[in-house]
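Participant: One structure, pasted below without further comment.
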Amino acid sequence: MKLCRSRRAVIAAAATATIVGGAVACGGESQPTASQSADAQKKISVRAGESIQSAVDRAKPGQVIDIAAGTYHESVQISTPRLTLRGAGTGTVISPSTKGKENACAKAGEGICVTGTAQKKASDVTLESLTVAGFKKAGIHATQADGLQVVRVTARDNKVQGILAEKSVRTVFRDNTARNNGDSGIFLANSMDTEGGALDTQGAVIDGNKLAENRIGIGLRRVRGVTVESNQVTGNCGGVFVVGDEGVPRGGALTVTRNTVTGNNKYCAPSARLPFIQGTGILLTGVEKTVVTDNDVRDNSGKSPMSGGIVLFGSVVGTSNSENTIRDNVARGNKPADLANRDLKGKGNTFVNNTSETTEPKQLVNSSPSTAPSTAPSTAPSS
């Protein structure tokens, strides 16, 4: 059987093929023709005082919408494939509408909505270099998206999530700032409305972001195949939460690596599913085959059942963690412990070659690499 090439290779081949006509991707989706590519090269400019949504409504697949600095009081609904929404930096601000006609995104209380369906995902949309601020729910909410990229976006002062994707695959959140959002700064989930088994994200990446003053910096709920790398997570109630439950497949099979997680000591009240949060660095609850490695986790302190540097915690529905590896991390100055296993019913969880000052229980085994097996899964995107 002839296998499909990587996504980038297919796109490059399709671009070449437009010289002589349309091409077809290995999945059967038609690639742009020469005339379609010419349309895509025409940028649409939006100036202060104009409507971003009007530009989106007339844009063709593959076009770039450049948005000048200014404050735009509207919500933006996107389903057009390969569309790029590009601001001029933090000075391009999208905030709630104060008047005028509301679209579905505005009625939901959200800033930018990227929305597809199970049959036709919103594919290869890019949001970059802008600010979403002050919405009743999420600053950005993607549903049924494939290949969404959110880059250099600031999501601040939203009452629920800063940046959220559900039911979506191959998502990239890179070099964003999310601060002072009521729930997670960045949140990736199988579904917001239903329980069910974990979603294979097919190589989602959360990389190089700054998360501060949120309830939770980065939240992962019932997902698999994610890489969380090189983020700065500080000043939240909790840093990085990896959450699963009794669903099949289980949440997990992901990697949390090279993050700086410090001083997440705000107090956040309990919710229907979790006790109060304060002083949690990295938390694993009800997940499997997750690797937490090469992180710098310091000065997270609190009195919550989940407080501590790197913590294994049984899920609220009683599902234990299993086959997770906590390896080669530096965890210091965290209270009540740098490394904590509060899920003693869990099986196959290992702590290997970590640098720490305190552990819970005190006899927690933090073995050398030669004496403990690695359970590291592969989270590389499939070709």
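Residue numbers (the numbering used here): 249 to 631.
Ideal Cβ placement from N, Cα and C applies to all residues, glycine included.
Measure the Cβ-Cβ separation of Leu560 and Asp586 and say whether it is below 8 Å.
Facilitator: Within the sequence shown, the letter at position 312 stands for residue 560. Within the sequence shown, the letter at position 338 stands for residue 586. Contact flag unset, no.
Participant: How big is the Cα-Cα spacing for Ile326 and Gly364?
Facilitator: Working through the sequence shown from its first residue, we reach residue 326 at position 78. Working through the sequence shown from its first residue, we reach residue 364 at position 116. Taking the straight line joining both Cα atoms gives about 9 Å.
Participant: How far does the alpha helix (DSSP H) with Cys516 in it reach, from first residue to last?
Facilitator: Walking along the sequence shown from the start, residue 516 turns up at place 268. Where Cys516 is concerned, there is no enclosing alpha helix (DSSP H), given that its DSSP letter is neither H nor E.
Participant: Quick check: the Cα distance between Ala271 and Gln367, rounded to an integer number of angstroms?
Facilitator: Start at 1 with the first residue of the sequence shown, and residue 271 comes out as number 23. Start at 1 with the first residue of the sequence shown, and residue 367 comes out as number 119. Residue confidence for Ala271 is low, a pLDDT of 43 falling below 50, so the modelled location carries little weight and cannot support an answer.
Participant: Excluding sequence positions up to five away, which residues of its chain have a Cβ less than 8 Å from the Cβ of Ser616?
Facilitator: Along the sequence shown, one-based indexing puts residue 616 at 368. Only Val600, Asn601 meet the Cβ criterion.
Participant: Assuming Val509 and Val476 make a contact with CB atoms under 8 Å, what is their CB distance in whole Å?
Facilitator: Mapped onto the sequence shown, residue 509 falls at position 261. Mapped onto the sequence shown, residue 476 falls at position 228. About 10 Å; that fails the 8 Å criterion.
Participant: Could you please give the first and the last residue of the uninterrupted alpha helix (DSSP H) stretch that includes Ile300?
Facilitator: On the sequence shown, residue 300 is found 52 positions in, with the first residue counted as 1. First-last of the alpha helix (DSSP H) with Ile300: 300–306.
Participant: If you reduce the DSSP assignment to three classes, tell me which class Lys407 lands in.
Facilitator: As a position in the sequence shown, residue 407 is number 159, starting the count at 1. Residue state, collapsed to three classes: coil.
Participant: I believe Ala316 touches Arg295 by the beta-carbon criterion, under 8 Å. Please report the beta-carbon distance rounded to the nearest angstrom.
Facilitator: What you label residue 316 is simply residue 68 of the sequence shown in a count that begins at 1. What you label residue 295 is simply residue 47 of the sequence shown in a count that begins at 1. Going by Cβ atoms, the distance from Ala316 to Arg295 rounds to 5 Å, so yes, they are a contact pair.
Participant: Please classify Tyr320 as buried or exposed, where buried requires at least 16 other C-beta atoms within 10 Å of its C-beta.
Facilitator: For the purposes of this step, residue 320 is identified with residue 72 of the sequence shown, where counting begins at 1. Buried is the call here.
Participant: Could you pull the start and end residues of the beta strand (DSSP E) that Ala579 belongs to?
Facilitator: Mapped onto the sequence shown, residue 579 falls at position 331. Residues 578–580.
Participant: Could you name the residues of the same chain whose beta carbon sits closer than 7 Å to that of Gly594, not counting the 5 residues immediately before and after it, in chain order?
Facilitator: One-based indexing of the sequence shown puts residue 594 at position 346. Answer for Gly594: Leu560, Ser568, Asn569, Ser570, listed in chain order.
Participant: So, for Thr419: in the same chain, excluding its five sequence neighbours on each side, which residues have a beta-carbon less than 6 Å away from its beta-carbon?
Facilitator: In the sequence shown, counting from the first residue as 1, residue 419 sits at position 171. So the qualifying residues of the chain are Leu396, Ala413, Ala452.
Participant: Could you give the residue range of the beta strand (DSSP E) that holds Cys361?
Facilitator: Along the sequence shown, read from residue 1 onward, the residue named residue 361 stands at position 113. Unbroken beta strand (DSSP E) run through Cys361: 360–363.
Participant: Starting from the C-beta of Lys369, find all residues in its chain whose C-beta is less than 7 Å away, skip the five residues before and the five after it, and write them out in chain order.
Facilitator: Reading the sequence shown from its first residue, position 121 is the one you call residue 369. Counting only Cβ-Cβ distances below 7 Å, and skipping sequence neighbours, we find Gln392, Ala393, Asp394.
Participant: Straight-line CA distance for Glu443 to Gly495?
Facilitator: Position 195 of the sequence shown, counting from 1, holds the residue named residue 443. Position 247 of the sequence shown, counting from 1, holds the residue named residue 495. Looking at the two C-alpha atoms, the distance is approximately 7 Å.
Participant: Classify Lys537 as buried or exposed, calling it buried when 16 or more other Cβ atoms lie within 10 Å of its own Cβ.
Facilitator: Translated into the one-based positions of the sequence shown, residue 537 becomes position 289. Flag for Lys537 reads buried.
Participant: Give me the Cα-Cα distance between Ala273 and Ala336, rounded to the nearest whole angstrom.
Facilitator: Along the sequence shown, one-based indexing puts residue 273 at 25. Along the sequence shown, one-based indexing puts residue 336 at 88. In this prediction, Ala273 scores a pLDDT of 42, lower than 50, which makes its location untrustworthy; the coordinate-derived value is nonetheless stated afterwards. Distance between the alpha carbons of Ala273 and Ala336: 33 Å.
Participant: Starting from the C-beta of Asn351, find all residues in its chain whose C-beta is less than 7 Å away, skip the five residues before and the five after it, and write them out in chain order.
Facilitator: For the purposes of this step, residue 351 is identified with residue 103 of the sequence shown, where counting begins at 1. Cβ neighbours of Asn351 beyond the five flanking positions: Gln301, Ser323, Gln325.
Participant: Which residues does DSSP pair with Lys347 in a beta bridge?
Facilitator: Taking the first residue of the sequence shown as position 1, residue 347 is located at position 99. Looking at the DSSP assignment, Lys347 forms no beta bridge with any residue, so it has no partner.
Participant: Taking C-alpha atoms, which residue in Ile388, Ile530, Val578 lies nearest to Cys353?
Facilitator: In the sequence shown, counting from the first residue as 1, residue 353 sits at position 105. The shortest C-alpha separation from Cys353 is found at Ile388.
Participant: Given that a residue counts as buried once 16 or more other Cβ atoms are within 10 Å of its Cβ, and exposed if not, what is Thr346?
Facilitator: The residue you call residue 346 lines up with position 98 of the sequence shown. Answer is exposed; the Cβ neighbour count stays below 16.
Participant: In or out: Met372 buried (at least 16 other Cβ within 10 Å) or exposed?
Facilitator: As a working mapping, residue 372 is identified with position 124 in the sequence shown. Reading off the sequence shown, one finds Asp at residue 372, where the question assumed Met. Counting Cβ neighbours within 10 Å, Asp372 comes out buried, since at least 16 surround it.
Participant: DSSP three-state call for Ala653: helix, strand or coil?
Facilitator: Outside the displayed span of the chain (249 to 631) sits residue 653, for which this structure offers no information.
Participant: Using only alpha-carbon positions, find the residue among Val488, Pro584, Pro518, Ala446 that is nearest to Asn543.
Facilitator: Counting from one through the sequence shown, the residue named residue 543 turns up at place 295. Of the listed residues, the one whose Cα sits closest to Asn543 is Val488.
Participant: State the Cα-Cα distance for the pair Ser552 and Ile574, rounded to the nearest angstrom.
Facilitator: Taking the first residue of the sequence shown as position 1, residue 552 is located at position 304. Taking the first residue of the sequence shown as position 1, residue 574 is located at position 326. Near 21 Å, if we compare the C-alpha coordinates of Ile574 and Ser552.
Participant: Drop a sphere of 10 angstroms on the beta-carbon of Arg521, count the other beta-carbons inside from all chains shown, and report buried for 16 or more, exposed for fewer.
Facilitator: For the purposes of this step, residue 521 is taken as residue 273 along the sequence shown, with counting starting at 1. Its Cβ having fewer than 16 others within 10 Å, Arg521 is exposed.
Participant: Once DSSP output is grouped into helix, strand and coil, what is the label at Val613?
Facilitator: For the purposes of this step, residue 613 is taken as residue 365 along the sequence shown, with counting starting at 1. If DSSP states are grouped into helix, strand and coil, Val613 belongs with coil.
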